[in-house]
Amino acid sequence: MRLRMSDELKEKLRGLSAFIGNTPLFPLKNIVRNAGISLYAKLEWQQFGGSVKARSAFNIIKNAIEAGHLHGDKVLLDASSGNTAIAYASIGSTLNIPVTICLPANASEERKRILKGLGAEIVFTSAFGSTDEAQERAQQLFEQEPNTYFYADQYNNESNWKAHYHYTAEEIWAETNGKVTHFVTGLGTTGSFGGISKRLKELNPSIRTIALQPDSAMHILEGWKHLETAKKPGILQEAAIDETIEINSYDALEAVKEVATTEGLLISPSSGANLVGAIKVSEKLSAGKVVTLFPDNAEKYSEILKSILE
1 MRLRMSDELK EKLRGLSAFI GNTPLFPLKN IVRNAGISLY AKLEWQQFGG
51 SVKARSAFNI IKNAIEAGHL HGDKVLLDAS SGNTAIAYAS IGSTLNIPVT
101 ICLPANASEE RKRILKGLGA EIVFTSAFGS TDEAQERAQQ LFEQEPNTYF
151 YADQYNNESN WKAHYHYTAE EIWAETNGKV THFVTGLGTT GSFGGISKRL
201 KELNPSIRTI ALQPDSAMHI LEGWKHLETA KKPGILQEAA IDETIEINSY
251 DALEAVKEVA TTEGLLISPS SGANLVGAIK VSEKLSAGKV VTLFPDNAEK
301 YSEILKSILE
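Next up, the structure:
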């Protein structure tokens, strides 16, 4: 039976929604020197929750509450490499929803501290098992105590990609006046790639959508998946992939350094990896508008950035 949502909770959700999404599309004018190419990045940390994952986390929570799956003393449970976890914890603290996260032990120290500060309970999994093992642990916890947890299951939850289908893609379309020609981003849960690509192709079937992944299983791009060696998310929309480009982790770090000195942005390694992919796509073109995402900025990666920016 669907439970009636309180007016107070409705108002909180409505108020919070104003701070989710609507991120600026930043023109990267100094990276690509071909006059016929325009390269843009969505600055996704500029929203409540501090990363691109705020969009999917909010949509998952909102839809679960409206469907009656997340209520009362239920604890939101999920596996995450960090950014979705922080978004869950930020939103959960605002809505008075307790959050438990299964997190690989090698997540950055900044992410761990932020999660603890936001009041999330962390269940650490092996540093060698990636988010695949974290997902298995979350599933085990849910099966052991189904009355305690709402298992959000971001890798298989359609509310993930639909957040990007209904909102992020529409923002990109509006911000480029419908003239985007290529969309490029990395694969993690695959929600942002799948949702944005699906909608953009509906708006203009000629738009090329390029997926990025690490060039090996041993990479440092938190949240990214090397699909040949990892568990494929249930929401993966392979039909939306026009091309896949592999990204070297160290190229991503070099891009972080370059964009700091040329564009004045301090971005994360994942954002650097997206930039490398977007540049690779741009270099093959004589004209076009290429859009990528900068999922988060540098604030959660001080140790990594210290080694490359000094």
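Heads up: the sequence shown runs through residues 1 to 310, numbered per this note's numbering.
Note that CB positions come from ideal geometry on N, CA and C, so glycine has one too.
Under DSSP, the beta strand (DSSP E) around residue i begins and ends at which residues?
i	result
V184	182-186
E263	No beta strand (DSSP E) holds E263; the alpha helix (DSSP H) holding it covers 249-263.
E121	121-125
D78	75-79
T100	99-104
L25	25-27
If I'm right that residue i touches residue j with Cβ under 8 Å, what's the distance once you round it to whole angstroms?
i	j	result
F150	K62	About 13 Å; that fails the 8 Å criterion.
S108	Y301	6 Å
A105	S130	That belief does not hold up - the Cβ atoms of A105 and S130 are roughly 11 Å apart, past 8 Å.
S197	A230	No, S197 and A230 are not in contact; Cβ-Cβ is about 20 Å, not under 8 Å.
T292	A278	4 Å
L103	A85	6 Å
I210	V180	With 8 Å as the limit, I210 and V180 do not qualify as a contact, their Cβ atoms being about 12 Å apart.
P295	E44	5 Å
V290	V276	At roughly 12 Å, the Cβ-Cβ gap does not stay under 8 Å, so V290 and V276 are not in contact.
N156	I235	6 Å
N311	G186	No information on residue 311 is available, as it lies outside the stretch 1 to 310 that the chain covers here.
I101	V123	7 Å
R208	H182	5 Å
G21	T168	7 Å
V259	L265	5 Å
Q47	F26	With 8 Å as the limit, Q47 and F26 do not qualify as a contact, their Cβ atoms being about 14 Å apart.
Applying the 10 Å Cβ sphere with the 16-neighbour rule, what's the burial state of residue i?
i	result
K29	exposed
M1	In this prediction, M1 scores a pLDDT of 42, lower than 50, which makes its location untrustworthy; no coordinate-derived value is stated.
T244	exposed
L203	exposed
Q140	exposed
R111	buried
K306	exposed
G92	buried
P233	buried
K284	exposed
F193	buried
A35	exposed
S56	buried
R33	exposed
F58	buried
E145	exposed
E222	buried
G119	exposed
D78	buried
A134	buried
G191	buried
D7	exposed
D15	The sequence shown places Gly at residue 15, not Asp. By the 10 Å Cβ count, G15 comes out exposed.
R137	buried
D41	It should be pointed out that residue 41 corresponds to Ala in this sequence rather than to Asp. The residue in question, A41, is buried, as its Cβ has 16 or more Cβ neighbours within 10 Å.
Which first and last residues belong to the alpha helix (DSSP H) in which residue i is found?
i	result
I61	53-67
I270	According to the sequence shown, residue 270 is Ser rather than Ile. Looking at the DSSP string, the run of the alpha helix (DSSP H) that includes S270 is 269-283.
Y40	Counting along the chain, Y40 falls outside any alpha helix (DSSP H), though it belongs to the beta strand (DSSP E) covering 37-43.
I114	109-117
K289	Taken as a continuous stretch (DSSP letters only), K289 belongs to no alpha helix (DSSP H), being part of the beta strand (DSSP E) at 288-294.
Y88	83-95
K10	7-17
Using a Cβ-Cβ distance cut-off of 7 Å, determine whether residue i contacts chain C.
i	result
A239	In the structure shown, chain C does not exist; there is a single protein chain.
### Message
If contact is defined by three or more beta carbon pairs under 8 Å, each pair taking one atom from either stretch, is the region 267-277 in contact with the region 156-165?
### Response
no
### Message
What ranges does the alpha helix (DSSP H) occupy inside the region 143-219, keeping only unbroken runs of at least 4 residues that lie completely in it?
### Response
Fully enclosed alpha helix (DSSP H) runs of no fewer than 4 residues occupy 158-163, 169-175, 191-203 of the region 143-219, in order along the chain.
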